[in-house]
Amino acid sequence: MGRRVLVTGAARSTGRRLVAALAEEPEVELVVAVDEQEPAEPFPDKVEHLAVDLRSPALVRTVQSAGIDTCAHLGVTAEPRAAGGRVSMKEHNVLGTMQLLAAAYHAPDLRRLVLKSTTAVYGATAADPAVWTEGLPHETPRHGFGKDAIEVEDYARSFERRRPDVAVTVLRLANQVGPNVDNPLTRYFELPVCPTVLGFDPRLQFLHEEDTAEVLLRTILGPAPDGTFNVAGDGVVLLSQAIRIAGKPPLPIPEPLVNRVAELVGRTVDFSPEQVRFLQYGRVADTSAARGQLGFIPKWSSLQAFEDFAATRLRKLVTEEQVARLERDALGLLRRAAEWVAREVPR
Amino acid sequence: MTPPRKRCQAHTRKGDRCRNPAGPDGLCALHRRQREEAATAASAKPGTRRGTPEPHRVVPGPQTPGAPEPHRVVPGTPDPHRVIPGPPNREGSPAAEPEASVVHTPPDEPDLGPLEPVLQWAEEALEFLGRRVLGEYEVDEFGHDPDLVEHVLAPLLRPLYRHWWRVETRGLEHVPSSGSALVVGNHAGTLPFDALMVALALLDEHPAHRSLRMLAADLAFDLPVVAPLARKSGNTLACAEDATRLLEAGELVGVWPEGYKGLGKPYRERYHLQRFGRGGFVEIALRTGAPIVPVAVVGSEEIYPMLANLRRLARLLGFPYFPVTPTFPALGPLGAIPLPSKWLIEFCPPIETASLGPEAAMDPMALFDLTDQVRDTIQQTVHRNLLARRSIFG
Numbered sequence: 000m001g002r003r004v005l006v007t008g009a010a011r012s013t014g015r016r017l018v019a020a021l022a023e024e025p026e027v028e029l030v031v032a033v034d035e036q037e038p039a040e041p042f043p044d045k046v047e048h049l050a051v052d053l054r055s056p057a058l059v060r061t062v063q064s065a066g067i068d069t070c071a072h073l074g075v076t077a078e079p080r081a082a083g084g085r086v087s088m089k090e091h092n093v094l095g096t097m098q099l100l101a102a103a104y105h106a107p108d109l110r111r112l113v114l115k116s117t118t119a120v121y122g123a124t125a126a127d128p129a130v131w132t133e134g135l136p137h138e139t140p141r142h143g144f145g146k147d148a149i150e151v152e153d154y155a156r157s158f159e160r161r162r163p164d165v166a167v168t169v170l171r172l173a174n175q176v177g178p179n180v181d182n183p184l185t186r187y188f189e190l191p192v193c194p195t196v197l198g199f200d201p202r203l204q205f206l207h208e209e210d211t212a213e214v215l216l217r218t219i220l221g222p223a224p225d226g227t228f229n230v231a232g233d234g235v236v237l238l239s240q241a242i243r244i245a246g247k248p249p250l251p252i253p254e255p256l257v258n259r260v261a262e263l264v265g266r267t268v269d270f271s272p273e274q275v276r277f278l279q280y281g282r283v284a285d286t287s288a289a290r291g292q293l294g295f296i297p298k299w300s301s302l303q304a305f306e307d308f309a310a311t312r313l314r315k316l317v318t319e320e321q322v323a324r325l326e327r328d329a330l331g332l333l334r335r336a337a338e339w340v341a342r343e344v345p346r
Numbered sequence: 000m001t002p003p004r005k006r007c008q009a010h011t012r013k014g015d016r017c018r019n020p021a022g023p024d025g026l027c028a029l030h031r032r033q034r035e036e037a038a039t040a041a042s043a044k045p046g047t048r049r050g051t052p053e054p055h056r057v058v059p060g061p062q063t064p065g066a067p068e069p070h071r072v073v074p075g076t077p078d079p080h081r082v083i084p085g086p087p088n089r090e091g092s093p094a095a096e097p098e099a100s101v102v103h104t105p106p107d108e109p110d111l112g113p114l115e116p117v118l119q120w121a122e123e124a125l126e127f128l129g130r131r132v133l134g135e136y137e138v139d140e141f142g143h144d145p146d147l148v149e150h151v152l153a154p155l156l157r158p159l160y161r162h163w164w165r166v167e168t169r170g171l172e173h174v175p176s177s178g179s180a181l182v183v184g185n186h187a188g189t190l191p192f193d194a195l196m197v198a199l200a201l202l203d204e205h206p207a208h209r210s211l212r213m214l215a216a217d218l219a220f221d222l223p224v225v226a227p228l229a230r231k232s233g234n235t236l237a238c239a240e241d242a243t244r245l246l247e248a249g250e251l252v253g254v255w256p257e258g259y260k261g262l263g264k265p266y267r268e269r270y271h272l273q274r275f276g277r278g279g280f281v282e283i284a285l286r287t288g289a290p291i292v293p294v295a296v297v298g299s300e301e302i303y304p305m306l307a308n309l310r311r312l313a314r315l316l317g318f319p320y321f322p323v324t325p326t327f328p329a330l331g332p333l334g335a336i337p338l339p340s341k342w343l344i345e346f347c348p349p350i351e352t353a354s355l356g357p358e359a360a361m362d363p364m365a366l367f368d369l370t371d372q373v374r375d376t377i378q379q380t381v382h383r384n385l386l387a388r389r390s391i392f393g
């Protein structure tokens, strides 16, 4: 019998990509794509779209009766505005997960649970270690997406205790970028100017959308190691560097005004306060466990992933050719001036 | 999907990998032009002009992105006219092969004499600016930015090191040329200039030009402007995780266990080492088997002689202390100018920890003993060098 996979959050960019990739795998018999929203383009053949909320009884019925063996929970969102406000986002994230796992508890064929989590669980402060490993105790983020993600992870772990026959893999993904990703951070870089916190230059990590799909596919179809894994492209990119690669002018905001500006910007970008702190202090996660135990080596480094995003999605204000030409012209001018001085001024 | 963008495969005059983006032929616009000029020059008249330093070596670099950069080499004799003194010779460079170098200067070009180095400096500065504008540089996971250190931060500190404090170094041979080591020093002077000078001494004067990765207090990462500079210059948070990670990666790690107690102590207690925290640095050295190199700095106590500490104001501002020196705050911003004391930095023989084994890290007594040994070594070296000093400003 082929694999029967249920994917939540299936209509959003990551979910869409994963569903399409799963549908192409011959060993996959059925994909149940759960999302209230209609996908931008229709799902492929093997996919059954279940246009319901995570809390709906229809979902419970499907999980229990459709012989689902793997549940990939991608339905945790970081966008309060899109979810209809912070309260409704929390409802969706935390209560939705509770409901899903409650239904999964009674699913007889379930063997695997893959949770897409986030490195946001580590928070972002000045007193953080430079690089987070999965086991490090961290200050629990008390607000927003990070807090939701921690609660969701806790539910997944308690599920693991109640259903020891199900392998639970938690993937803490770094910020995703790529030609088709749409999230608060990509919208931030698409602003005409990039507001930054004056006097801060955080270290960021990026994960290319191809690598996101690859790591999810691997944990769903490959050997299933229990545990929690950080997933990010190699290396780090500084925010200032990212803004320059994006070819945007930065707009440094003094710290006391940051929250007010974030509110204004928040209307288009859908930023939550902890994402503002992320742009002040940054965050880097160690990915050696994912390499060793999951065998996952990202194809794109953080820098390459961001460069690909910038090349496909952003119009640069300053291009490499312009800079190279300016460099060449300035140097030529200097050389001519120097030659003139050497000729005309007697030693 | 487009593959990741390639960097130029040529090397700059100093033997660095060029970091400009490459065109289809694997070279950036600048080096392509130079190679073309070199080709015409070579066909016209082979050989170089006498007395002119070779401005550019064009050498194919390593193909894989992320491969370690080759060490740098300064061609020919060091030039006295260089405006920004870059780090001197680095050894073992593939760029040192003479047959690999190509000279681009056309032979009919007039001799620019003393202007040649100025032009070279301008070229280097333009390349640097171009890289910064385009974001074409790499930092490690701690945020260390060697490109910025080499071109901006070190040149800013060098005048202080050479001319203001006339820093003299001893015992550099005690710092290993490769592999991890924990450099432990005394801390004084209100602002951590002593740490910066030790780092610059190792970068400029150590034969292997090592980058010192310093452990700093979390305040450094919470202050605007200071925070990014701290990370870019190679600092990271003083916590066991970061220190272990750096030592396991074979880095040279600097730690100042006195912390604020040392930095913010009154002038009358000068050169009297404070308590060494809880000795966490010894534990990490034992765990990772890294040797401990004690370093004694003389001269840092006199740069801002702290006569009083306005504790209440400090608490109000969230600082660990608020110093009153003979010039600060009385002279306002002028009070920020440090006094030009004469400095001596001495690296002491390394204390080997590998033979004790990681089990010793579990033994609190062994930790105390080793901590005391390090502290005593530094204190005695400081006293010895103080006695040898003729005067504070001598």
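Line by line, the protein sequences give chains C and B.
Position 34 of the first sequence, counted from 1, bears residue number 33 in numbering that gives the first Met the number 0, the numbering being contiguous throughout.
Position 213 of the second sequence, counted from 1, bears residue number 212 in numbering that gives the first Met the number 0, the numbering being contiguous throughout.
Quick reminder that beta carbons are idealized off the backbone N, C-alpha and C, glycines included.
Model, not experiment: these values are computed from the prediction.
- By the Cβ criterion, the segment 252–262 of chain C is not in contact with the segment 148–157 of chain C, since fewer than three pairs of Cβ atoms, one from each stretch, lie closer than 8 Å.
- C/Leu53 sits in coil when the DSSP states are folded into three classes, being neither helix nor strand.
- Taking each of B/Asp375, B/Pro319, B/Asp144, B/Leu111 in turn and checking the Cα distance to B/Leu228, the smallest one comes out for B/Asp144.
- Per DSSP, C/Leu313 lies in no alpha helix (DSSP H) segment and is marked neither H nor E.
- In chain order, Lys247, Pro248, Pro249, Leu250 place their CB closer than 8 Å to the CB of C/Val192, counting only its own chain and leaving out the 5 sequence neighbours on each side.
- If the five residues before and after B/Ala239 are omitted, its C-beta is found closer than 7 Å to the C-beta atoms of Gly279, Ile283, all from its own chain and listed in chain order.
- The three-state secondary structure of B/Lys260, taken from DSSP, is helix.
- Residues of chain B whose Cβ lies closer than 9 Å to the Cβ of C/Phe205 do not exist, since the nearest Cβ in that chain is about 13 Å away.
- Distance between C/Pro163 and C/Thr69, taken at the CA atoms: about 14 Å.
- Against chain B, the beta carbon of C/Ala329 has neighbours under 9 Å at Ala121, Leu125, listed in chain order.
- With its beta carbon less than 9 Å from one in chain C, B/Gly129 belongs to the interface.
- Nearest in C-alpha terms to C/Gly74, of all of C/Arg290, C/Arg141, C/Met97, C/Arg156, is C/Met97.
- Here B/Arg267 is exposed, its C-beta having fewer than 16 other C-beta atoms within 10 Å.
- The C-alpha of B/Ala242 lies about 8 Å from the C-alpha of B/Thr235.
- A distance of 9 Å or more separates the beta carbons of C/His207 and C/Gly234.
- Residues of chain B with a Cβ closer than 8 Å to the Cβ of C/Ile252 do not exist; the shortest Cβ-Cβ separation is about 11 Å.
- Residue-level contact check: B/Gly170 does not touch chain C, since none of the beta carbons of chain C fall below 9 Å from its beta carbon.
- Look at the segment 262–290 of chain C: the residues with a C-beta under 7 Å from a C-beta of chain B are Val283.
- A Cβ-Cβ distance of about 5 Å is found for the pair C/Val113 and C/Thr168, placing them in contact under the 8 Å criterion.
- The Cβ neighbour count for C/Ser116, taken over all protein chains shown within 10 Å, is at least 16; the residue is labelled buried.
- The DSSP assignment places 166–172, 174–176 as complete runs of the beta strand (DSSP E) inside the segment 127–193 of chain C, in order along the chain (cut-off: 3 residues).
- Near chain B, meaning a CB-to-CB distance below 9 Å, the residues of the segment 111–138 of chain C are Thr124, Ala125, Ala126, Asp127, Pro128, Ala129, Val130, Trp131, Thr132, Leu135.
- At a cut-off of 9 Å between beta-carbon atoms, B/Arg244 makes contact with chain C.
- Each residue's CA atom was taken as its position, placing C/Glu138 and C/Ile242 some 29 Å apart.
- Here B/Met364 is exposed. Its C-beta has fewer than 16 other C-beta atoms within 10 Å.
- Closer than 9 Å to the CB of B/Phe392 there is not a single CB belonging to chain C.
- Counting only Cβ-Cβ distances below 9 Å, C/Val230 has no contacts in chain B at all, with the closest Cβ about 15 Å away.
- Taking 9 Å as the threshold, the shortest C-beta distance from B/Lys341 to chain C does not fall below it.
- Judged by DSSP secondary structure, C/Ile252 falls within the beta strand (DSSP E) whose first and last residues are 249–252.
- For C/Gly95, the enclosing alpha helix (DSSP H) begins and ends at 95–104.
- Among the residues facing chain C, B/Phe141 is included, as its CB has a counterpart in that chain under 9 Å away.
- The beta carbons of C/Leu49 and C/Val31 sit about 6 Å from each other, so the pair counts as a contact at 8 Å.
- In its chain, beyond the 5 residues on either side, Val33, His72, Leu73, Gly74 have a beta carbon closer than 6 Å to the beta carbon of C/Thr7.
- When Cβ-Cβ separations below 9 Å define contact, B/Glu300 makes no contact with chain C.
- Using a CB distance below 8 Å, no part of the segment 23–36 of chain C faces chain B.
- Residue contact check for B/Val138 against chain C: a CB pair falls below 9 Å.
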